[in-house]
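Reading through the structure tokens given below for one structure.
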């Protein structure tokens, strides 16, 4: 990874040239009076471009990189950066009283608004949805998040990089390992450290344990979305078994505390690894049987097809990530290019039909679970040592880590000054996918929204931070 | 569907949960005031067959108007404070507030202080304290039941 400084006047041309070369936007952040954009291309290192704000403003790229929309809106609200040409620059993190400041303007005969949240009917995180509907048909959806904004990135300013891992990890319980590993990778890259084999194995095991319980949870949540209680309950029980395994291996049901920056923090002895391997085998047999039942449950299947479609074009333009993107035929999974982890020969999963609808997103979880069972079986075949890092390169001012969470590619970036954090940025798979979810809901029936929402199953906590 | 039900039956018999012999009930309304989503996951699981909170007369309801207990997770962010107070005032009296998890209890708060109103104590009167990061479904059920038993004996 390298930081390339661009003259502000040449900013748009520079980004456009990289996008033209096949790079994808993977995150933007403000630091002081500078603006950064991270770009990733298959088979190449993530690059970071930077430019200086002139009178507090930089040129927008949102007209040809829609995926940067939320990053620019956030930088405006939380860091006071202006974006020339991003019109209207709607509020994202700032909760203005004036609805026009953050809502899509929708007008016409019979259009009305349905406001949902921030408190929802179930046990769900806080966030607000504003639907514009005609009858039951959704014309537009404005998600308004950041109700849970805790200033986690700001809290890292001026602290030592090793101390700030909990800020990234606890941004979100369901993505705790991904966030922590992405942060650790960013710090290690900035400090010129490389993880040894043991550390790569240990972190990969943790990431797949996280994927296991999350994918089981997400399939159960989808059953809840169609009101199929036996499926909801069966997968909730399976998820609980996966979390009991987490507790047995790491002492914590959400795997908290098992990752450190620059060092190993987690071991598994031989007998425990053997027992865990057996638990995963039993769990995979039961989960596969339960999944087959869902495939033949007509009342479930009838609800999934053609609903909440995110097509390939929209998924690419909006920068969708993870299962949502793969279900739309975007063949992208950071696991296939993660030299700091233990994913040799990994191939991204794809659904039987990349229809980009609820059915495809649900099926993709089941397909990915197969890979996860295999990976866990292999990783637990021998004891797991903590591992460590060794100095492999000169320290530099910027480090970036990208890790595939159960919801998609998560980026963590750190900028260091005199050994302290000058900026920490966490852009999770959920963050990347929220605009895609809003897009996928458009044109569908309002009563199908819970189902569409659950098929993405995005976190609020790691978006709000 | 029968495979799913058989699997559930097997789970239930393996866990051998004791029958809940509680002659009263509590309706819970959950509000996330700024959590990391860990507490939500565990409350969600508490109502599924592996824990079965309902056998003790405890259940989650959709509206604060139907609730006895406001079950609050997370330290209270500036952006959630108003909605939290609205939910509290929408509850019928007598109403009870439970702080669920270390964040709601104000322990080891992560983040920028300026983004928080404070711990739940600073916003609402707290009756039940459920520590943990996050508390397990067992711990959630245990604390709620202990409180129920306490009121039953003193009241």
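Chains as they are written, first to last, in the numbering used here: chain A, 1 to 465; chain B, 466 to 620.
For every residue, glycine included, the Cβ atom is placed at its ideal position computed from N, Cα and C.
Here the structure is a predicted model, which means the values were calculated and not measured.
(request) Report yes if the C-beta distance between residue 404 (chain A) and residue 322 (chain A) is below 8 angstroms; otherwise report no. (result) Going by C-beta atoms, residue 404 (chain A) is nearer than 8 angstroms to residue 322 (chain A).
(message) Please give the ranges of any beta strand (DSSP E) in the stretch 45-118 of chain A, keeping only runs that are unbroken, at least 3 residues long and fully inside the region.
(response) 47-52, 57-59, 82-84 and 111-116
(message) Looking only at its chain, what residues have a beta carbon closer than 7 angstroms to the beta carbon of residue 27 (chain A), apart from the 5 residues adjacent to it on each side?
(response) Here the set comprises 38, 71, 411, 413, 425 and 427.
(request) Let me know if residue 467 (chain B) comes out buried or exposed under the rule of 16 or more other beta-carbons within 10 Å of its beta-carbon. (result) exposed
(message) For residue 558 (chain B), report the span of its beta strand (DSSP E) as first-last.
(response) Premise fails: residue 558 (chain B) is in no beta strand (DSSP E) and is neither H nor E.
(request) Give the residues of chain A in contact with residue 570 (chain B), contact being defined as C-beta atoms less than 8 angstroms apart. (result) Within 8 angstroms Cβ-Cβ: nothing; residue 570 (chain B) doesn't reach chain A, min ~15 angstroms.
(request) Look at the alpha carbon of residue 521 (chain B) and the alpha carbon of residue 610 (chain B), and state the distance between them as a whole number of angstroms. (result) 8 angstroms
(request) Would you list the one or two residues that DSSP bridges to residue 408 (chain A)? (result) A:405
(request) Just the C-alpha distance for residue 298 (chain A) and residue 227 (chain A), rounded to the nearest angstrom, thanks. (result) One C-alpha to the other measures close to 13 angstroms.
(message) For chain A, check one thing: does any of its Cβ atoms lie closer than 8 angstroms to the Cβ of residue 466 (chain B)?
(response) yes
(message) Would you say residue 635 (chain B) lies against chain A (beta-carbon separation less than 8 angstroms)?
(response) An answer regarding residue 635 (chain B) cannot be provided, because it is not within the stretch 466 to 620 covered by chain B.
(message) Beta-carbon within less than 8 angstroms of residue 264 (chain A)'s beta-carbon, same chain only, minus the 5 sequence neighbours each way: which residues are those?
(response) 198, 199, 202, 385, 386, 387 and 388
(message) Since residue 555 (chain B) and residue 569 (chain B) should fall inside the 8 angstroms C-beta cutoff, what is the C-beta to C-beta distance between them, to a whole number of angstroms?
(response) At roughly 19 angstroms, the Cβ-Cβ gap does not stay under 8 angstroms, so residue 555 (chain B) and residue 569 (chain B) are not in contact.
(request) Determine, using beta carbons only, whether residue 158 (chain A) and residue 452 (chain A) come nearer to each other than 8 angstroms. (result) no
(request) Mind listing the chain B neighbours of residue 147 (chain A)? Cutoff is C-beta to C-beta under 7 angstroms, in chain order. (result) Residues of chain B passing the Cβ test: 542, 544 and 545.
(request) Would you verify that the beta carbon of residue 274 (chain A) is, or is not, closer than 8 angstroms to some beta carbon of chain B? (result) no
(message) Going by DSSP in three states, residue 266 (chain A) sits in which element: helix, strand or coil?
(response) coil
(request) Report the partner residues of residue 140 (chain A) according to the DSSP bridge assignment. (result) A:132
(request) Please look up how many angstroms separate the CB atoms of residue 139 (chain A) and residue 106 (chain A), rounded, as I've assumed it's under 8 angstroms. (result) The Cβ separation is near 6 angstroms, so the contact holds.
(message) Using a Cβ distance threshold of 8 angstroms, determine whether the stretch 270-288 of chain A contacts the stretch 317-334 of chain A, with at least three qualifying pairs required.
(response) No, they do not touch.
(request) Measure the C-alpha to C-alpha separation of residue 111 (chain A) and residue 446 (chain A) and round it to an integer number of angstroms. (result) 13 angstroms
(request) Kindly indicate which residue of B:534, B:481 and B:546 has the alpha-carbon position closest to the one of residue 517 (chain B). (result) B:481
(request) Ignore the nearest five residues each way along the sequence and tell me which others in residue 382 (chain A)'s own chain have a CB closer than 8 angstroms to its CB. (result) 270 and 273
(request) Just the C-alpha distance for residue 161 (chain A) and residue 187 (chain A), rounded to the nearest angstrom, thanks. (result) 7 angstroms
(request) Using a cut-off of 7 angstroms between C-beta atoms, extract the partners of residue 123 (chain A) located in chain B. (result) Chain-order list of chain B residues neighbouring residue 123 (chain A): 495, 505, 508, 509 and 525, by C-beta distance under 7 angstroms.
(message) Let me check one thing: in DSSP terms, what residues is residue 298 (chain A) bridge-paired to?
(response) Answer is none; residue 298 (chain A) lacks a bridge partner.
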